[in-house]
Amino acid sequence: MLSWEYPPLVVGGIAAHVEGLATAMHRAGHEVVVLSLHHEGLGEPTLESDSTADGVRVLRADATLPWLPADNLVARMASANHQLVQLAAQLGAWQPDVVHAHDWLVAWAGDTLKALFDVPLVATIHATERGRHGGHLPPGLPGEINSVEWWLTYQAREVIACSRFMVREVVDGFELPPEKVHLVPNGVDVARWAASAPVDIPREPLVVAWGRVQYEKGFQVLARAIGELRHRVPGIRCVIAGRGTYLPELQTQVDIEGVGDLVQLAGFMPDAELKALLSRAACVVIPSLYEPFGIVALEGMAAGAPTIVARTGGLAEIVDGTNAGALFEPGNHHELADRIAEVWADPNAAAHLRSNAADLLRLTYTWDAIAVTTVDVYRVALG
Numbered sequence: 300m301l302s303w304e305y306p307p308l309v310v311g312g313i314a315a316h317v318e319g320l321a322t323a324m325h326r327a328g329h330e331v332v333v334l335s336l337h338h339e340g341l342g343e344p345t346l347e348s349d350s351t352a353d354g355v356r357v358l359r360a361d362a363t364l365p366w367l368p369a370d371n372l373v374a375r376m377a378s379a380n381h382q383l384v385q386l387a388a389q390l391g392a393w394q395p396d397v398v399h400a401h402d403w404l405v406a407w408a409g410d411t412l413k414a415l416f417d418v419p420l421v422a423t424i425h426a427t428e429r430g431r432h433g434g435h436l437p438p439g440l441p442g443e444i445n446s447v448e449w450w451l452t453y454q455a456r457e458v459i460a461c462s463r464f465m466v467r468e469v470v471d472g473f474e475l476p477p478e479k480v481h482l483v484p485n486g487v488d489v490a491r492w493a494a495s496a497p498v499d500i501p502r503e504p505l506v507v508a509w510g511r512v513q514y515e516k517g518f519q520v521l522a523r524a525i526g527e528l529r530h531r532v533p534g535i536r537c538v539i540a541g542r543g544t545y546l547p548e549l550q551t552q553v554d555i556e557g558v559g560d561l562v563q564l565a566g567f568m569p570d571a572e573l574k575a576l577l578s579r580a581a582c583v584v585i586p587s588l589y590e591p592f593g594i595v596a597l598e599g600m601a602a603g604a605p606t607i608v609a610r611t612g613g614l615a616e617i618v619d620g621t622n623a624g625a626l627f628e629p630g631n632h633h634e635l636a637d638r639i640a641e642v643w644a645d646p647n648a649a650a651h652l653r654s655n656a657a658d659l660l661r662l663t664y665t666w667d668a669i670a671v672t673t674v675d676v677y678r679v680a681l682g
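The numbering used here applies: residue 300 is where the sequence shown begins, and numbers increase by one.
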């Protein structure tokens with residue numbers, strides 16, 4: 300497997316997906332090697348270049364590339380992919396049956412390694428640049444990334460997408476035959492996210508959200524909803540954890556809405572601190588405007604917090620018809636405020652959401668089941 304990020308380096312949802320899938324495949328008896336990058340300057344600890352975690356061998360390449368412009372993401376990633384390919388030299392006589400590339404950031408390495416090993420390439424498209432921009436491609440970088448995504452899906456023998464929404468987006472956007480694109484959802488490690496605090500700990504009027512801080516994640520909608528709740532829910536406050544390029548604009552939005560005393564932008568938050576917050580929170584909110592799947596929704600449910608999500612993309616598929624969470628129209632801060640107020644005012648309804656969410660995760664979103672489905676795609680690729 301090739302992945303731009305792998306724990307403990309976590310920027311978005313790809314790291315959690317690849318780790319959960321890789322360790323589940325190991326438990327099923329498969330040999331898994333992950334080739335990833337070490338990114339200097341992100342506040343991460345120095346990582347070993349060759350290590351084994353939960354039975355999965357992880358090789359990391361140094362992605363420090365000072366000779367390239369910092370604002371040329373495609374060029375920097377193409378160059379970093381050379382370092383990923385070099386990692387294959389450390390494998391010795393070991394050879395894979397399949398190369399699995401996770402998103403466009405590792406497209407070049409995936410295409411090269413499939414030729415070096417003479418094996419099929421499988422690609423998972425976790426999101427698309429066109430989707431992030433509301434179905435349009437602004438000039439410049441988005442168009443360049445879209446071209447790499449298109450090329451990766453063309454070079455891959457089989458393609459995986461994480462929701463029916465994303466399957467449609469990938470088939471239509473890249474003009475692929477429908478039989479080439481397979482639906483394999485994300486999963487969650489319930490034991491990892493289960494709250495360490497007693498389940499009967501009193502809930503607080505606290506709203507928690509986290510993830511990459513980008514415009515399409517909709518945290519600005521949540522900030523406006525919190526402002527509307529100032530006088531409806533006494534003592535309400537909100538913590539938004541995560542980092543990303545939209546953070547300065549989000550801080551400006553918080554200031555404009557006059558909710559700086561209610562909304563805390565916490566930056567990166569270790570899992571232990573996040574779980575402690577979730578054990579006390581009135582609810583988790585995933586306010587995305589665009590969301591291919593929404594693994595954070597599963598993590599919130601696994602932590603036992605009532606979960607409210609925008610009715611968009613994969614989030615809607617997780618929650619709609621399951622009664623495992625509450626829904627609101629994406630971008631509608633009035634409706635989001637109503638859902639938060641309802642969950643806080645009705646503890647029985649909140650408990651009902653938590654119970655249904657636990658059943659949903661147990662029956663549908665285990666990594667072991669998702670690993671079986673992914674291996675089935677590998678078998679199709681192997682012909």
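Using N, Cα and C, we set each Cβ at its ideal position, and we do this for glycine too.
Count the other CB atoms within 10 Å of the CB of residue i; is the residue buried (16 or more) or exposed (fewer)?
i, result
"H401", "buried"
"T544", "exposed"
"P586", "buried"
"I555", "exposed"
"M300", "buried"
"E474", "exposed"
"A636", "buried"
"E304", "buried"
"P629", "buried"
"E330", "exposed"
"Q389", "exposed"
"A680", "buried"
"D353", "exposed"
"R429", "buried"
"T322", "buried"
"D471", "exposed"
"P419", "buried"
"D667", "exposed"
"D410", "buried"
"G682", "exposed"
"E616", "buried"
"S350", "exposed"
"H399", "buried"
"L662", "exposed"
"G312", "buried"
"A571", "exposed"
"H425", "buried"
"L341", "Legend: pLDDT at L341 = 49, less than 50; position of this residue unreliable, value from coordinates given subsequently. Its Cβ having fewer than 16 others within 10 Å, L341 is exposed."
"G593", "buried"
Based on Cα-Cα distance, which residue from the options lies nearest to residue i?
i, options, result
"Q385", "N371, S348, L660, P569", "S348"
"Q454", "L546, A414, P591", "A414"
"R678", "A362, A314, V397, I313", "V397"
"Q519", "E330, T427, R531, P547", "P547"
"W450", "R467, G312, T423", "T423"
"I525", "Q563, L626, G510", "Q563"
"R511", "F567, A522, R529", "F567"
"S446", "E457, V469, P591", "V469"
"N655", "M600, A640, L614, K479", "M600"
"T427", "W407, A408, E448", "E448"
"F416", "R429, T621, Y514, A387", "A387"
"M376", "R356, H435, I444", "I444"
"L561", "P533, S578, A575, P569", "P533"
"T551", "P569, Y514, R536", "Y514"
"E457", "V480, H435, R467", "V480"
"V618", "V553, A575, A640, Y664", "Y664"
"A565", "H435, A571, R542", "R542"
"H530", "A640, A625, H381, K516", "A640"
"G433", "H633, G517, Q382", "G517"
Mind reading off the beta-carbon distance from residue i to residue j? Whole number of angstroms is fine, and I expect it under 8 Å.
i, j, result
"V761", "V538", "With the chain covering 300 to 682 only, the question about residue 761 has no answer from this structure."
"V595", "V421", "Contact doesn't hold; Cβ gap of about 25 Å is too wide."
"L336", "A315", "Not a contact, Cβ separation roughly 16 Å."
"A327", "A604", "Actually they do not touch by this definition, with Cβ atoms about 30 Å apart."
"A540", "L573", "6 Å"
"P646", "G612", "Actually they are not in contact, since the Cβ atoms of P646 and G612 sit about 30 Å apart, beyond 8 Å."
"I607", "R638", "5 Å"
"L320", "T673", "6 Å"
"L597", "L660", "7 Å"
"A602", "A460", "That belief does not hold up - the Cβ atoms of A602 and A460 are roughly 26 Å apart, past 8 Å."
"L358", "V332", "7 Å"
"A379", "A362", "5 Å"
Following a CB-centred definition, is residue i positioned closer than 8 Å to any heavy atom of the ligand PLP?
i, result
"L573", "Within the structure as shown, the ligand PLP is missing, as the structure has no ligands at all."
Tell me, please, whether the segment 388-395 touches the segment 367-378 by the rule of three or more beta-carbon pairs shorter than 8 Å. no
On the three-pair Cβ rule with 8 Å, is the segment 499-512 touching the segment 576-583? yes
Which residue spans inside the segment 533-589 form an unbroken beta strand (DSSP E) run of at least 3? 536-540, 562-566, 580-585
Unbroken stretches of the beta strand (DSSP E), 3 residues or longer, contained in the segment 408-454: 420-423
Are the segment 481-489 and the segment 433-441 touching by the rule of at least three beta carbon pairs closer than 8 Å? A contact between stretches requires three or more CB pairs, one per stretch, nearer than 8 Å, and the segment 481-489 fails this requirement with the segment 433-441.
Would you list, in sequence order, the uninterrupted beta strand (DSSP E) runs of no fewer than 3 residues that lie entirely inside the segment 602-633? 606-609, 625-627, all fully within the segment 602-633.
At 4 residues or longer, what runs of the alpha helix (DSSP H) sit wholly inside the segment 367-395? 372-385
What runs of the alpha helix (DSSP H), each 4 residues or longer, lie entirely inside the segment 647-677? none
Quick one: complete beta strand (DSSP E) runs, 3+ long, within the segment 305-365? 332-337, 349-352, 355-361
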